[in-house]
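So the protein sequences, as listed, match chains A and B. Residues in the first sequence are numbered consecutively from 91, following my numbering. Residues in the second sequence are numbered consecutively from 3, following my numbering. Glycine included, every Cβ here is placed at the ideal spot set by N, Cα and C. Below is one structure, written out as structure tokens; comments come after it.
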Amino acid sequence: MPTVLILGATSSIGRAVASELARQRRGLVLTGRDLEEVKAIASDLALRYQVKTCAREFDILAFERHAADLAASFLAAGDDLEGAVLCVGYYGGAEKDPAEAKRVADTNFTGCVLALNIMAEHFEKRRRGYICALSSVAGDRGREKNYLYGATKAGLSAYLQGLRQRLFRANVRVITIKPGFVDTPMTYGRAGIFLVASPESVGKSIAKAIESGKDVAYVPWFWRPIMFAVRLIPERIFKRTSL
Amino acid sequence: MSQLRYRSEKLSGWGRFPVEPCHLYRPEKRSDVRAILGSGQESSYIGRGLGRSYGDAALNRDAGTICPIRLNRFISFDERTAVLECECGVSLAEIIEYFLPRGFFLPVTPGTKFVTVGGAIAADVHGKNHHRDGTISGFLLDFRLLVSSGEVLACSRSENCGAFWATVGGMGLTGFILSARIRLRPVESAYVRVDHQRTHNLDETLNVMAETDDGYQFSVAWLDCLARADSLGRAVLIRGNHARAGDVPHTRGSPLSLPPRHRLKIPFDLPAWALNRAAVAAFNALYYRGHGDAARQLIDLERFFYPLDAVGNWNRLYGKRGLAQYQVVVPENGGRQALAALLQKLGSSHCAAFLAVLKRFGEGNPGLLSFPMRGYTLAVDLPVSRALGPFLHELDTIVLDCGGRVYLAKDAVMRPETFAASYRKLDQFREVKQKLDPNGLLSSSQARRLRIAG
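Written as structure tokens, this is what we have:
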């Protein structure tokens, strides 16, 4: 059974992607920091879709353990490994708090990039497969409301662009996903959230983007024209707005 | 932490009356529920699944409601014993979706599949097979209950049995049900073989029910609430059994697959006058005539158990003011006269009843606040109006006088005195509640209205 590795399977989007892939008869290696939760999702999806799933611990902030933990996950998937999806992110919210700022940067950029480096090497050797990673529309333009989060995602998007070129030669696809607002704990109960998509619909869109051969996918699709327009606004006007 | 954020929402039950501002929490991980209950952020909390109770049972004005719809993971399933273990937020719809194709159905189901397992236990739901099989708790092996101290109790008939029988039907007031083990029913097909039979008055309806119910797993009567005089209590009896695999014609495909179903949505609130007496009377007369004593029919489980689920939000038919569902049980002894009195009042009131359903109940269970008892249960939908409260209190008197009671999952207007007088094991319930939740951390608008905790 073709098997997909999911990093961050306990996030709402991670769980939804895993669920959609299981529905499409993919085996799953699910990872996350909270092993009890990963196990709960793994056994749930195995019962629902009657596919093979397994749960592994992986903490994006434990940089020194990345290599060993990912090696174990690759081993669990074995030769059935079809691709990997990275659904890790931390919003924080308090830009000025140094500990919180470090955590946002370490989770969204440093941790993700280190893990992607290791995965890139593995897929490069196999000369097939895909790496799909969740960036964000917030990375398309810095905004007062979430510029630290946005900056880490912008960095991740740029990293993925370069990685895409590198792995193209190795026949490995790199897919950047840019979600808009999704109904997750990140947005739940927050003010100023609009056009909210359900994790289930986003999960389906991500699986479709993987299937269809896209390089960059906005989910839902309408964020592409929205962000296009937002990027067009000149900086000297943008700075006066509260967009 | 992020999971402690809530959404301020004006919530209501399925009847859309009353509407109250509540703080809605949505845990994503198992540990979130304990963090929310222990946060000290709210004066009290109540679980709220899919919001299908009608009144204020799952409302908590200006305080916490906890919605576990993302705690909806299946934990284990044993094909041999048909025992399913799942988290509280799993809906009955999900159980059907994933287990009916494997030959298992719900052992007991209410009239909608959009309820959570936690909610089904908290209301100790019953269905069309109560006369034979009792409530959902008869198939409940055990559950894990998070109590206000933060401790998780394993509750079953043998372990923490006081907490078990207080929680079954306990409207979420003893603690938060985290997960449960339920024994599903093996079935050969996704169909029911159904017989329809018309009766001409209440005596005939009750006699035929009593004489022939036992031959059917499922039995319910649709009642024409507006029929008067000699026709009072005329009904269409709808009774059936699970169909065998061989009963399903090959043209329908696999016997365990449900035929595709179109779902409608009501796009707007109907004006209040739309459901007037003439319209309802015409509908009822048509329905009664339309069902001859039809020959045996094969009806799929969805259409048989959930006819209204096909219309997404049928509660909008009752307009902005909403509806109240009034469901009562009257004991076998003296129940006949009480039913006649109730139907007379319903027939002559201005509150035209659209849907009325009558069913014979089997024995009750030891659940301290469990609703069913041996006798008859009557459920009617009534549009909310200013006159409704006093009208229902009049009906309450009839029910109370004959030793019956009102179903808490449907109730929105009952008085605390009526409640205390009709739920006979209330003192025992309060004792357990006091032990499990001494500070009243679990409470709802209904609990305060009825003074359930004392």
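- By the C-beta criterion, the segment 268–277 of chain A is judged to be in contact with the segment 91–111 of chain A, since at least 3 inter-stretch pairs fall below 8 Å.
- With a threshold of 8 Å between beta carbons, Ile77 of chain B makes contact with chain A.
- The C-beta separation of Lys412 of chain B from Thr176 of chain B comes to about 20 Å, leaving the pair out of contact by the 8 Å criterion.
- In the DSSP assignment, Ile323 of chain A falls outside any beta strand (DSSP E), carrying neither H nor E.
- In the DSSP assignment, the residues bridged to His244 of chain B are B:Val194.
- DSSP places Glu147 of chain A in the uninterrupted beta strand (DSSP E) bounded by Thr143 to Glu147.
- Membership of Gln448 of chain B in the alpha helix (DSSP H) is indicated by the continuous run Ser447 to Leu452.
- Membership of Glu11 of chain B in the beta strand (DSSP E) is indicated by the continuous run Arg9 to Ser14.
- Each residue's CA atom was taken as its position, placing Cys90 of chain B and Leu180 of chain B some 5 Å apart.
- For the segment 187–199 of chain B, there are no residues whose beta carbon sits under 7 Å from a beta carbon of chain A.
- Using a Cβ-Cβ distance cut-off of 8 Å, the segment 299–311 of chain B and the segment 97–116 of chain B are in contact, since at least three pairs of beta carbons, one from each stretch, lie closer than that value.
- Proximity to Arg451 of chain B across B:Leu13, B:Glu11 and B:Pro20 peaks at B:Pro20, based on C-alpha coordinates.
- Interface criterion not met: the Cβ of Arg233 of chain A is under 8 Å from no Cβ in chain B.
- At a cut-off of 8 Å, the C-beta of Lys267 of chain B has no neighbouring C-beta in chain A.
- The segment 143–158 of chain B and the segment 227–238 of chain B do not touch, with fewer than 3 CB-CB distances between them shorter than 8 Å.
- Ranked by Cα distance from Leu344 of chain B, the options B:Tyr100, B:Glu96, B:Ile77 and B:Ala229 are led by B:Ala229.
- Straight-line spacing of the CA atoms in Arg113 of chain A and Ile38 of chain B works out to 32 Å.
- Chain-order list of chain B residues neighbouring Ser226 of chain A: empty, with the shortest C-beta distance near 16 Å, by a criterion of under 9 Å.
- When only Cα atoms are considered, Ala191 of chain A and Thr242 of chain A end up about 10 Å apart.
- Cβ proximity to chain B below 8 Å picks out Ala130, Ile131, Ser133, Asp134, Leu137 and Arg138 from the segment 128–139 of chain A.
- In the DSSP assignment, His25 of chain B falls within the unbroken beta strand (DSSP E) covering Val21 to Tyr27.
- Non-local beta-carbon contacts of Leu444 of chain B in its own chain, meaning distances under 8 Å to residues more than five positions away in sequence, involve Ser46, Tyr47, Ile48, Ser150, Gly174, Leu175, Thr176, Gly177 and Phe178 in chain order.
- About 5 Å separates the beta carbon of Leu380 of chain B from that of Leu360 of chain B, a gap short enough to meet the 8 Å contact definition.
- Inter-residue distance for Glu44 of chain B and Lys115 of chain B is about 31 Å (C-alpha atoms, whole angstroms).
- Residues of the segment 282–315 of chain B with a C-beta less than 7 Å from any C-beta of chain A: none at all.
- Arg217 of chain A sits close to Ala260 of chain A, with the two beta carbons spaced by under 8 Å.
- A distance below 8 Å separates the beta carbons of Leu258 of chain B and Gly105 of chain B.
- Within chain B, the residues whose beta carbon sits less than 7 Å from that of Gly279 of chain A are Arg7, Tyr8 and Arg9, listed in sequence order.
- Chain-ordered listing is empty here: chain A has no CB closer than 9 Å to the CB of Tyr47 of chain B, the nearest sitting near 15 Å.
- Gln329 of chain B is positioned such that its CB atom lies closer than 8 Å to that of Tyr409 of chain B.
- For a Cβ distance threshold of 8 Å, residue set Glu126, Glu127 and Ala130 of chain A lies close to Arg32 of chain B, ordered along the chain.
- Contacts between Arg28 of chain B and chain A, judged by CB atoms closer than 7 Å, involve Tyr278 in chain order.
- Runs of the alpha helix (DSSP H) lying entirely within the segment 205–293 of chain B, each at least 4 residues long, are 279–292 in chain order.
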